[in-house]
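*Asks:*
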Amino acid sequence: MNASENAFWVDRFYGKTIVLPGKKLAQGMASFDSFFVDGAVNGVAGVVKRIGVSLKPLQSGYVRSYGATFVAGVIGLVIFFLTRGSL
Amino acid sequence: MDFPMLSVLILVPVLAAVIVMVLPANRTELHLPVALVLSLLPVGLAGVLFARFESAAGFQFVEQAALIERWGISWHLGIDGIALPLILLTTVLVPISIAASTSIAKSPQLFLAMVLLLEAGLIGVFSALDLIVFFVFFEAILIPMYFIIGIWGSENRIYAAIKFFLYTAFGSALMLAGIIALSVLQQQKTGFASFDYNELLTLEIAPGTQAWLFAVFGIAFAIKVPMFPVHTWLPDAHVQAPTAGSVLLAGVMLKLGTYGFLRFNLPLFPDAAVKYAPVVATLAVIGIVYGAAVAIVQTDLKKLVAYSSVSHLGFIMLGIVAFTQSGLDGGVIQMVNHGITTGALFLLVGMLYERRHTKLIADFGGLQKTMPIFAGVFLFSTFASIGLPGLNGFVGEFLVLVGSYATRPVFAIIATAGVVLAAIYLLWAYERVFTGEPDKPENVNVPDLNLRETLIFVPLIILILTLGLYPKVLLNRIEPSTAAIIDRIEATTDFVEPTFVIGEPSE
Amino acid sequence: MDLLADYLWLIIALPLAGAVALHFGGKFLPEPLPGIAAAGAIGTAFLIAAAAFVPLATGDAEPHVLMLWDWMPGLGAAFEIRWDQLSALMTLIITGVGTLIHIYSIGYMHGDPRFSRFFTYLNLFAASMLTLVLANNYAMMFVGWELVGLCSYLLISFWFTRPSAAAAGKKAFVVNRIGDFAFIVGLMLIFTQFGSLTMSETVLVHPGEVLSPGTATAIAILFLIGAAGKSAQIPLYVWLPDAMEGPTPVSALIHAATMVTAGVYLIARNAAIFELSPVALPIVATVGAATALVAALIAVGQNDIKKVLAYSTVSQLGYMFLAIGSAGYVAGVFHLMTHAFFKALLFLGAGSVIHGMHEEQDMRKMGGLRKAMPITHATMLVATLAIAGIFPFAGFFSKDEILAAAFANGGYYLVLWGVGLFTAFLTAFYMTRQYIMVFWGKPRWVEGLTPHESSLWMTVPLMVLAVLSAGAGFLNTPQLHTLEDYLEPVFEALNPAHLESELPRILGMDGLAFGLAIVSLGVAVIGIGSALFVYARSS
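Note that the protein sequences, when read in sequence, are chains A, B and C.
The first sequence begins at 1 in this note's numbering and counts up one residue at a time.
The second sequence begins at 1 in this note's numbering and counts up one residue at a time.
The third sequence begins at 1 in this note's numbering and counts up one residue at a time.
1) Kindly identify the DSSP beta-bridge partner or partners of L360(B).
2) With 9 Å as the threshold, decide whether the Cβ of A26(A) is near any Cβ in chain C.
3) Does the beta carbon of N303(C) sit closer than 9 Å to a beta carbon anywhere in chain A?
4) Checking 9 Å against the spacing of the C-beta atoms, do E245(C) and S315(C) come in under that value?
5) Applying the 10 Å Cβ sphere with the 16-neighbour rule, what's the burial state of K371(C)?
6) Can you round the beta-carbon distance between A257(C) and V97(C) to whole angstroms, since I take them to be within the 8 Å contact cut?
7) Using C-beta distances below 7 Å, list every residue in its chain close to N123(C), excluding the 5 sequence neighbours before and after it, in chain order.
8) With 9 Å as the threshold, decide whether the Cβ of L416(C) is near any Cβ in chain B.
9) In whole angstroms, what is the alpha-carbon distance linking E139(B) and V402(B)?
10) With distances taken Cα to Cα, identify the nearest neighbour of Q368(B) among R162(C), D112(C), A139(C), V54(C).
11) In whole angstroms, what separates the C-alpha of H166(B) from that of V44(A)?
12) In its own chain, which residues sit with a C-beta less than 6 Å from the C-beta of I79(A), not counting the 5 before and 5 after it?
13) Give me the chain B residues within the contact set of L77(A), using Cβ-Cβ distance strictly less than 9 Å, ordered along the chain.
14) According to DSSP, is V287(C) part of a helix, a strand, or is it coil?
15) Could you tell me which whole alpha helix (DSSP H) segments of length 4 or greater appear in the segment 333-420 of chain C?
16) State the start and end residues of the unbroken alpha helix (DSSP H) segment that holds R162(C).
17) When the cut-off is 9 Å and only beta carbons count, does W71(B) lie next to chain A?
18) Roughly how many angstroms lie between the CA atoms of G71(C) and F191(C), to the nearest whole one?
19) Going by the DSSP bridge assignment, what does L391(B) pair with across the sheet?
20) Taking the straight line between their C-alpha atoms, what separation do you get for L100(C) and P461(C)?
21) Hey, could you find the ends of the alpha helix (DSSP H) E479(B) is sitting in?
22) In the DSSP assignment, what are the bridge partners of V289(B)?
23) Taking the straight line between their C-alpha atoms, what separation do you get for F134(B) and A128(B)?
24) Using Cβ-Cβ distances below 7 Å, what residues of the segment 362-379 of chain C are close to chain B?
25) Which same chain residues end up closer than 6 Å to M337(C) when comparing Cβ atoms and leaving out the 5 residues on each side of it in sequence?
26) How many angstroms separate the CA atom of V239(B) from the CA atom of A161(B)?
27) With 9 Å as the C-beta to C-beta threshold (strictly closer), list the residues of the segment 43-56 of chain C near chain A in chain order.
28) Quick one: what does DSSP say H206(C) is sitting in, helix, strand or coil?
29) Using a Cβ-Cβ distance under 9 Å, would K8(A) count as near chain C?
30) Going by C-alpha distance, which of W428(B), G436(B), T341(B), V279(B) is nearest V247(B)?
31) Mark W83(C) as exposed unless 16 or more other C-beta atoms lie within 10 angstroms of its C-beta, in which case mark it buried.
32) Just to check my reading of the structure: G287(B) and F228(B) have Cβ atoms closer than 8 Å, yes? What is that Cβ distance to the nearest angstrom?
33) If you follow the beta strand (DSSP E) that Q64(B) is part of, which residue opens it and which one closes it?
34) If you measure from the beta carbon of Y430(B) to each beta carbon in chain A, is any gap under 9 Å?
35) Could you list which residues in chain F have their beta carbon closer than 9 Å to that of F142(C), in chain order?
36) Distance check for Q85(C) and P489(C), CA to CA, integer angstroms please.
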């Protein structure tokens, strides 16, 4: 009778086997997202900063060095593509 | 030469921005209404485009004028069935964003001008048929968005703005290199330089080179989409951006990535596209499930919507690399749908923030009792986003799922799980924010939507229903252009689109 | 006679228009006008359906398809109405029972601050459910399928300030979505196999030429999972008991009479696919029998008047699955119909009791209500006898046909027949228990309570449903197979792969059929007797 009254505890069973682990998994993925995926990006940014590029946004030196890095990067990439035999 | 519709469409918002800026600074009551009225002009022009657009492949409303002849750069504009819906979406979302920006206190003139400049840039990107022109617009829109987040954002705006800027600049550098490499190739093959899209389409590029070019363009666009694992700028940018910024960012700017894939990666590098589609599809499916799962446990409402975008954009990418008619059609129409529904959700979160100065789910509760109209609109948008058939989100999702099932069944089945997850994260959020008794004192007297705010949602709700029940208005115009892409892939590779004929069993 | 053929869309459009009109204008109307408007909308739809049904039943009109508009042409998705014997019967049940429940709700929701909103949702539900059953296209059917889920969500959490109601609504939608996941994958398979989502171009024409047994099994299992979500079968039934948080008319209309039968309808509609698979129908039957048994066992131990009925619904839906899985399609649809009558009546009666007891739902605090609520008592007694399977009430005939269908398959199905028979005993037992606890014995009411009979808005629908619960069984008796003949065009082409087609032969033996009927009647009587023995003495 107890089993019947409590509907064989199916809801509790689903809660423990599906809902709770599911939530934990989602929580784990969210932590993974902020620590590893985003962390990797911020890590790279941190390294760049340490090399000496200031991250202050509107400082003219930054904009200039950003521009210089950008152009240098593009030129480097183009040269890289063009020197590959297949082109 | 015909009337240069597209140039005018780009120019009108620029002029509007100038007009808003020259208004007397102390007449603050004028700024927003003027900007709003002016932003309605592009809607009318886009309506003309829509009405006069013929459902056929190829570019329409084409205009071309040489800019730098020696390098083969020209002011070449034109739209096809893929660009048209996105231009419509842009012109519709801008007045809505402006109307929702009444709470901008810091130099509203500059803010409105930035939004209008952003609009010009977006229209430019979607209509450019010269790769340099495309690139210039692609970069130019970063500037107003950077300022919108960096000046009018919340506490952590500088961090978010820089993150946004660096991420996309990295992609842009890659893409620029790709563009230059393409034109060098062109010069080697034909003897004259050109950045013209149609010209470059005729190039036959060796498979190895295609792979590299696909990668550089692909990374640039993947960041914009954003695809897993380069999506982490998005939640930060959204959480910090003001409402109008979020609406345009999610509504339109993310589509630059998916649009780029359709416009460049598939037609220009078909060989590599077929070869690397599984990689893209894998990342897309991871994005669908991962974005949805992470959204479930978000505590910040805006972040939740941001992660839901990662999931929804995954659907679009999955459809694009399915290389089937339904998949591509679904991808394109889903770009529009996501812009509308997510736009609506960001507007709602923004209005909630204006009232309660918090976006944390835990701070709310029982709001359906205090603001029933708001709750109704929120629930409607929620179900559109969940993909309830009859509303717009379903059409795109269903086309994508069936379309990708034809070529990638396992991916499609996993992606379908995203449908279940979407119901969980959105309805759970709704439950916590709106149901129960408003037990926190701050939630007892929150004003409901006023007339201005209600009117903002009217066009969105109409679009959600129209595209949900009669998507043919767009599908008719999209189909010839997407079919042309598939034809091109089939012509240049050994890929064959599976077809399903009534009465004939497949396989 | 086919004047109505082009206007069948009105059947959906009327309640939809009612919903839209009430949504925007309902709050300006005083009680009971919104309710009358909503009831009028669905009532008119019923009249149109009835008028279109008559020529179909007499054979003066053929089933036909009415194209409305193209939706997603690339997938063959369109809005098109299919008017055949099965969809017409479903339409009559939905609009008929629906109208009665609308009228009842005018009394039940009296005084609720969101009176008109309730009818908005109720009308929207009716339109959605009709979209589901009238669809000739899987995509359109899925629209209805999801919209009834939406309405269910809205109506379960209608009293949203109660956290339990809000949670129950969300749970219902999410669990249903798990079923929908399978349904969508099934649709992908249908499209890639057939090249269209139009039923009259696919499963209704030549499934055997297109589908291999393996593919047919895959589609069938996916549809079964989808059906298990909507029709609350194992393992997805857990949302339905919680759904009782909704106002009681909602439980009657959505969670007993109509929406939860959508899964049964889905499988019946796609029976041709299920029959191509060697295992699909036995699995359906097993799920059905297991659900019937488990839910009945749980119902025995419930003390909340609505929870008993909720688990009873799950159990009875299990019977319908058992019927379909035994290739007893007519039996399944027959039980769907009789169940719609007597279960709607039971819920509405329970609502009347809850109202009379001032929102008390615990049967341990009831008792002796037969004098205070004579009409409710009498009608509930009819419904109890009907569901228990007592001759000549409706449930006797339909349940007996299900058990006969299971028995006729022989072999493994004899086990399922045994389970069904034992469940029939449990059904009679828990229903009698409920009837005694509510209406007999000494009053165990909370002090100061004066129960009263409900208003005419509520009692008249009870009486109409009581008549139907008492008499509908005669639509299909072994001698008078009206329903069987009527539905024949829908199911005649079917020939289940897993059966050796013994069904007609065995059931043709009148003696055996009669014997089986006596057995199930005997079991029901024992069930009632045991409950009387246990509960009548103690109270």
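Glycine is no exception: its CB is placed at the ideal position from the N, C-alpha and C atoms.
*Replies:* In brief:
1) Beta-bridge pairing links L360(B) to D300(B).
2) At a cut-off of 9 Å between beta-carbon atoms, A26(A) makes no contact with chain C.
3) True, the Cβ-Cβ gap to chain A drops below 9 Å.
4) Between E245(C) and S315(C), the C-beta gap is not smaller than 9 Å, which leaves the two residues out of contact.
5) In the assembly as shown, K371(C) is an exposed residue. Its beta-carbon has fewer than 16 other beta-carbons within 10 Å.
6) The C-beta distance from A257(C) to V97(C) rounds to 5 Å, short enough to meet the 8 Å contact threshold.
7) Here the set comprises P15, G18, A19, L22, A38, A41, I42.
8) Chain B contact via Cβ: absent.
9) In a straight line, the C-alpha of E139(B) is about 35 Å away from that of V402(B).
10) Proximity to Q368(B) across R162(C), D112(C), A139(C), V54(C) peaks at R162(C), based on C-alpha coordinates.
11) Here residue 166(B) turns out to be Leu, not His, going by the sequence shown. Going from the Cα of L166(B) to the Cα of V44(A) covers about 11 Å.
12) None.
13) A173, L174, L176, A177, G178, I180, A181, V216, listed in chain order.
14) DSSP, read as helix, strand or coil, puts V287(C) in helix.
15) The segment 333-420 of chain C is shown to contain whole alpha helix (DSSP H) runs of 4 or more residues at 374-388, 394-409, in chain order.
16) No alpha helix (DSSP H) contains R162(C), which DSSP labels as neither H nor E.
17) No Cβ of chain A is located within less than 9 Å of the beta carbon of W71(B).
18) According to the sequence shown, residue 71(C) is Trp rather than Gly. A straight line joining the alpha-carbon of W71(C) with that of F191(C) spans about 15 Å.
19) According to DSSP, L391(B) bridges with P389(B).
20) Approximately 5 Å, taken between the alpha carbons.
21) In the DSSP assignment, E479(B) falls within the unbroken alpha helix (DSSP H) covering 472-492.
22) Paired residues: none, contrary to the question.
23) Using only the alpha carbons, I get a separation of about 5 Å.
24) Shown here is that no member of the segment 362-379 of chain C has a Cβ falling below 7 Å from a Cβ of chain B.
25) Excluding the 5 residues flanking it on each side, M337(C) has same chain C-beta neighbours closer than 6 Å at I93, in chain order.
26) One C-alpha to the other measures close to 11 Å.
27) For the segment 43-56 of chain C, the set of residues with a beta-carbon nearer than 9 Å to any beta-carbon of chain A is empty.
28) In the structure shown, H206(C) sits in coil (DSSP, three-state: anything other than H, G, I, E or B).
29) Before going on, a small fix: residue 8(A) reads as Phe here, not Lys. By this cut-off, F8(A) is an interface position.
30) Among W428(B), G436(B), T341(B), V279(B), the Cα nearest to that of V247(B) belongs to T341(B).
31) A residue is called buried when at least 16 other Cβ atoms come within 10 angstroms of its Cβ; W83(C) meets this threshold and is buried.
32) Here G287(B) really is in contact with F228(B); their C-beta atoms are around 4 Å apart, less than 8 Å.
33) First-last of the beta strand (DSSP E) with Q64(B): 60-68.
34) No, no contact with chain A.
35) No chain F is present in this structure, whose protein chains are A, B and C.
36) Answer to the nearest angstrom: the Cα atoms are 8 Å apart.
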